[in-house]
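Working notes for the structure below.
In the numbering used here, the protein residues as written are -6 to 154.
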């Protein structure tokens, strides 16, 4: 079989929409260094913190990762390896890996805890990536030209001359 690795990048802004204060989640997935899937979408509910916005984004990214992994294993007849998903919010990463419920998180809708199940089932592995290196940043907000091109380069869409 082919040795292509599926990698994801998930980012969310917090309360970025000035009208309803909802956040935007963006994710992008690469296969063998080439961009194969991406989305930018307003979250359906208001997040009370940046951690919550990123946590909800990680669930959306995990759902796409599972879909892509199933598609690839069908096409390439390969066993599904865990997909590494990068995120730039350490609190959201800790929340995703902690199965304890706390007063600060008990209001989060159950559907957003799907990411925990994906981790438990070894379908995804979450890893930290600093904000200044996060290519999915371009899917959540307006950026200056230099940062925009850096994100494009991080996703293999552009090569800086």
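Glycine included, C-beta positions come from ideal geometry on N, C-alpha and C.
query: Which same chain residues, not among the five before or five after residue 173, have their C-beta less than 7 Å away from its C-beta?
result: The question about residue 173 has no answer here: the residues shown for the chain are numbered -6 through 154.
- request: Kindly indicate which three-state DSSP category residue 44 falls into: helix, strand or coil?
  value: helix
- prompt: Around the C-beta of residue 91, are 16 or more other C-beta atoms found within 10 angstroms, so that it is buried, or is it exposed?
  reply: exposed
- request: Return the chain-ordered ranges of every alpha helix (DSSP H) run that is complete within the segment 62 to 135 and spans a minimum of 4 residues.
  value: For the segment 62 to 135, the continuous alpha helix (DSSP H) assignments of 4+ residues that do not extend past its boundaries occur at 83 to 90 and 107 to 113, in sequence order.
task: Would you mind stating whether residue 39 and residue 19 have Cβ atoms separated by less than 9 Å?
output: It is not a contact, given that the beta carbons lie outside the stated cut-off.
- prompt: Roughly how many angstroms separate the alpha carbons of residue 86 and residue 152, rounded to a whole number?
  reply: 30 Å
- prompt: How is the beta strand (DSSP E) around residue 20 delimited, first residue to last?
  reply: 17 to 24
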